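Undergrad: Quick one: the structure is below, questions incoming.
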Amino acid sequence: MKNVLSVVFLSLVILGCNSSESKEEKTENPSFHPRAELPSTVLYVGLKEPVEQEIVKIEEVAPENMVAISGGNVRIGSEEGFAHERPMFWARLKPFFMDKSPVTVAQFREFVLATNFETEAEKFGNAGIIHETTDKNWILKDGANWEYPLGKDFPKAGDNHPVTQVSWNDATAYAKWAGKRLPHEIEWEHAARNGKNSRDIYAWGNQITENDKYLANVWQGTFPNFNDNTDSFTETSPVGAFGESPIGLTDLSGNVWEWCSNYLFDYRSLIMEDVPSDFKGEKAERGGSFLCEPSWCHGYRVSGRSSSSPETSLFHVGFRCVKDI
1 MKNVLSVVFL SLVILGCNSS ESKEEKTENP SFHPRAELPS TVLYVGLKEP VEQEIVKIEE
61 VAPENMVAIS GGNVRIGSEE GFAHERPMFW ARLKPFFMDK SPVTVAQFRE FVLATNFETE
121 AEKFGNAGII HETTDKNWIL KDGANWEYPL GKDFPKAGDN HPVTQVSWND ATAYAKWAGK
181 RLPHEIEWEH AARNGKNSRD IYAWGNQITE NDKYLANVWQ GTFPNFNDNT DSFTETSPVG
241 AFGESPIGLT DLSGNVWEWC SNYLFDYRSL IMEDVPSDFK GEKAERGGSF LCEPSWCHGY
301 RVSGRSSSSP ETSLFHVGFR CVKDI
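The structure is reproduced here in structure tokens:
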């Protein structure tokens, strides 16, 4: 993907729906409030820092391929980021377990074989990609799905790559089958901040490169005109290819956006009274992807946010799960 031009993301989301349900999802819902979606792990949200109290220590051993995320106080958001990352607010969380890496193609295949599950991309018969076409825009690619994220005229996805072309609904079904759930945005950011109130831009620090090497699978150039692919990955990379965060998580920045459990919301509506929820019917995503670079999408920062409608499937969006302790 060395020369991709003129990308219109929102048009893809609209095209990718193809259902009356999507229109209903995007209507305003005055009864919605983001506090209603907070998981039991979130003990407090507000502008004032909560008084430090002893958090129950993690005594259980983390399940296989999961990491124990410690509880504590954390400031969510960034005053230097985009408008939807403000205002910063405090949260207090209990410990929980999180998948070490995004769910892989091989793991998702186990789910499909065990349940005969059909993804929404398979039902629609297409899914969203960017590739070198005549218009060089986002397109709906016939036959694109979780096994063939670029379409069936391209190779299958690697088993150890993050699964993509799965909608929020698909991801939720997998999580339920696995005895887990999708993380709330607050849980995701707390984990990306290493279970403490770190103010680093990324999970590992404040630089995206070290010794001229990228520390995450992101767009390496100016999007969408040029990508020099110095890491050799044109789209997704195998999970863990860029190492681990200080607490053992991988792929928190770049590679694929990750679905979260909650609808995207205005932070003000969560922490202030009498602020409308601004419900748009889109589910939150975190982490950025291989399409992100600062001049267009700096979403691979810890505080970065995005969203898509629940039935949308895209070749740069995957997910990971969490589990209550």
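If you read the sequence shown in UniProt numbering, its first letter stands for residue 1, the second for the next number, and so on.
Each residue gets a CB set at the ideal place from its N, CA and C atoms; glycine is no exception.
Everything numeric in this text was worked out from a predicted model, so none of it was measured.
For residue 59, which three-state DSSP category applies?
TA: Residue mapping note: residue 59 aligns to position 59 of the sequence shown, counting from 1. Residue state, collapsed to three classes: coil.
Undergrad: In the DSSP output, what is residue 272 paired with across the bridge?
TA: The residue you call residue 272 lines up with position 272 of the sequence shown. Answer is none; residue 272 lacks a bridge partner.
Undergrad: So what does residue 225 bridge to, in DSSP terms?
TA: Taking the first residue of the sequence shown as position 1, residue 225 is located at position 225. Beta-bridge pairing links residue 225 to no other residue.
Undergrad: Residue 283 to residue 255, Cα distance in whole Å?
TA: The residue you call residue 283 lines up with position 283 of the sequence shown. The residue you call residue 255 lines up with position 255 of the sequence shown. Residue 283 and residue 255: Cα-Cα distance of roughly 19 Å.
Undergrad: Provide the residue span of the alpha helix (DSSP H) that contains residue 170, from first to last.
TA: Position 170 of the sequence shown, counting from 1, holds the residue named residue 170. Start and end: 168–177.
Undergrad: Since I believe residue 117 is in contact with residue 173 (beta carbons under 8 Å), could you give me their beta-carbon distance rounded to a whole number of angstroms?
TA: Locating residue 173 in the sequence shown gives position 173, where the first residue counts as 1. Locating residue 117 in the sequence shown gives position 117, where the first residue counts as 1. Confirmed, Cβ separation roughly 6 Å.
Undergrad: Based on Cα-Cα distance, which residue from 250, 288, 294 lies nearest to residue 99?
TA: Your numbering for residue 99 matches position 99 in the sequence shown. Out of 250, 288, 294, 250 has the C-alpha closest to the C-alpha of residue 99.
Undergrad: What is the DSSP secondary structure of residue 188, counted as helix, strand or coil?
TA: Along the sequence shown, read from residue 1 onward, the residue named residue 188 stands at position 188. Helix.
Undergrad: For residue 308, does the three-state DSSP call read helix, strand or coil?
TA: The sequence position of residue 308 within the sequence shown is 308, counting from 1. Residue 308: strand per DSSP, three-state reduction.
Undergrad: Can you give me the start and stop residues for the beta strand (DSSP E) that residue 258 sits inside?
TA: Reading the sequence shown from its first residue, position 258 is the one you call residue 258. Here the beta strand (DSSP E) through residue 258 covers 257–263.
Undergrad: In terms of residues, what are the limits of the alpha helix (DSSP H) holding residue 182?
TA: By 1-based counting over the sequence shown, the position of residue 182 is 182. No alpha helix (DSSP H) holds residue 182; DSSP gives it neither H nor E.
Undergrad: Is residue 272 buried or exposed, if buried means 16 or more other CB atoms sit within 10 Å of its CB?
TA: Within the sequence shown, residue 272 is the residue found at index 272, counting from 1. Classification for residue 272: exposed.
Undergrad: Which of the three DSSP states is assigned to residue 209 in this structure?
TA: Residue mapping note: residue 209 aligns to position 209 of the sequence shown, counting from 1. In the structure shown, residue 209 sits in a strand (DSSP, three-state: E or B).
Undergrad: With three or more beta-carbon pairs closer than 8 Å as the criterion, would you say the segment 197–210 touches the segment 158–176?
TA: Counting Cβ pairs under 8 Å, fewer than three are found: no touch.
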